[in-house]
Amino acid sequence: MKKILLLMLLVFSLVITGCSFFEKEKPQPPKKISFTIYRAAADGSEKLLAEKFTMTDNGKSLPENALLALVGAKPQSTKYEDVIPAGTRVLSFSITPEGTALANFSKEIVKSGQGSYNEVMMTGAIVNTLTEFPEVRQVQILVEGKKIITLGGHLDVEDPLKRDESLLQK
Numbered sequence: 001m002k003k004i005l006l007l008m009l010l011v012f013s014l015v016i017t018g019c020s021f022f023e024k025e026k027p028q029p030p031k032k033i034s035f036t037i038y039r040a041a042a043d044g045s046e047k048l049l050a051e052k053f054t055m056t057d058n059g060k061s062l063p064e065n066a067l068l069a070l071v072g073a074k075p076q077s078t079k080y081e082d083v084i085p086a087g088t089r090v091l092s093f094s095i096t097p098e099g100t101a102l103a104n105f106s107k108e109i110v111k112s113g114q115g116s117y118n119e120v121m122m123t124g125a126i127v128n129t130l131t132e133f134p135e136v137r138q139v140q141i142l143v144e145g146k147k148i149i150t151l152g153g154h155l156d157v158e159d160p161l162k163r164d165e166s167l168l169q170k
């Protein structure tokens, strides 16, 4: 009789608790992250416009995600112009302890015949996007893992570049 009573108490306690022991945890919705990237103004005003970008968190750092969005995502409005050459890929990204972002691009970023406007807007977009983050003080642009002198013949990128607020539309 005691065994039956104990068995009934056990069954009753499982029913009362809703069998939560056997239930699986509900999956959490994917976490969203947001940041600002800079793109050239489509009106040719020689200014960079801030574009708010939101995406699903993929576990990479915010600066790396911002760079990937700048290079890989199309502008969300016609007021922005994409000045990164088609086919350009981010090969690697890291930040030194001193705050230098090492942004390594595929060879497509070096587009022959690109004018000085596009080159200034492209480097400005890369540098100002990455220096939005406090851990990035300057940006070293690399192509296929190597320092280069220029991306298009008009601007020296051999040394790390600092943020240029004069390019930003107020």
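So the sequence shown is numbered by my numbering: it starts at 1 and just counts up by one. Think of the CB as a built atom: it goes at the ideal place given N, C-alpha and C, for glycine as much as any other residue.
How many angstroms separate the CA atom of residue i from the CA atom of residue j?
i, j, result
"A41", "E165", "15 Å"
"E51", "A125", "11 Å"
"V120", "E25", "51 Å"
"V83", "S77", "14 Å"
"V157", "Q138", "12 Å"
"I149", "K32", "37 Å"
"L151", "M122", "9 Å"
"N104", "R163", "18 Å"
"G145", "D43", "34 Å"
"M55", "D159", "31 Å"
"P97", "V143", "21 Å"
"L68", "K107", "16 Å"
"N118", "P85", "10 Å"
"K47", "P27", "43 Å"
"A60", "G99", "A quick correction: the sequence has Lys, not Ala, at residue 60. Taking the straight line joining both Cα atoms gives about 17 Å."
"G72", "S92", "14 Å"
Taking C-alpha atoms, which residue in the options lies nearest to residue i?
i, options, result
"L161", "H154, Q169, I141 and M122", "I141"
"S34", "G153, Q28, I95 and D57", "D57"
"H154", "V139, V143 and G115", "G115"
"I95", "R89, P134 and A69", "P134"
"Q169", "I37, P29, Q28 and K32", "I37"
"T131", "G59, G44, P29 and A66", "A66"
"T129", "L62, P29, E46 and K32", "L62"
"Y80", "K146, T88, T100 and S45", "S45"
"K111", "G59, T54 and G87", "G87"
"V90", "P27, P75, E64 and K60", "E64"
"K74", "F53, K60 and S92", "F53"
"L49", "P29, L70 and K60", "L70"
"K176", "L102, V127 and L167", "This structure does not reach residue 176, given that the chain is present from 1 up to 170, and the question cannot be answered."
"L167", "P29, P30 and R39", "R39"
Got a sec, what are the start and stop residues for the alpha helix (DSSP H) residue i sits in?
i, result
"A66", "L62 to G72"
What span of residues does the beta strand (DSSP E) with residue i cover, start to end?
i, result
"K52", "L48 to T56"
"T78", "Taken as a continuous stretch (DSSP letters only), T78 belongs to no beta strand (DSSP E), as it is neither H nor E."
"S34", "K32 to A41"
Give, in chain order, every unbroken run of the alpha helix (DSSP H) that is at least 4 residues long and sits entirely within the region 81-152. 116-130
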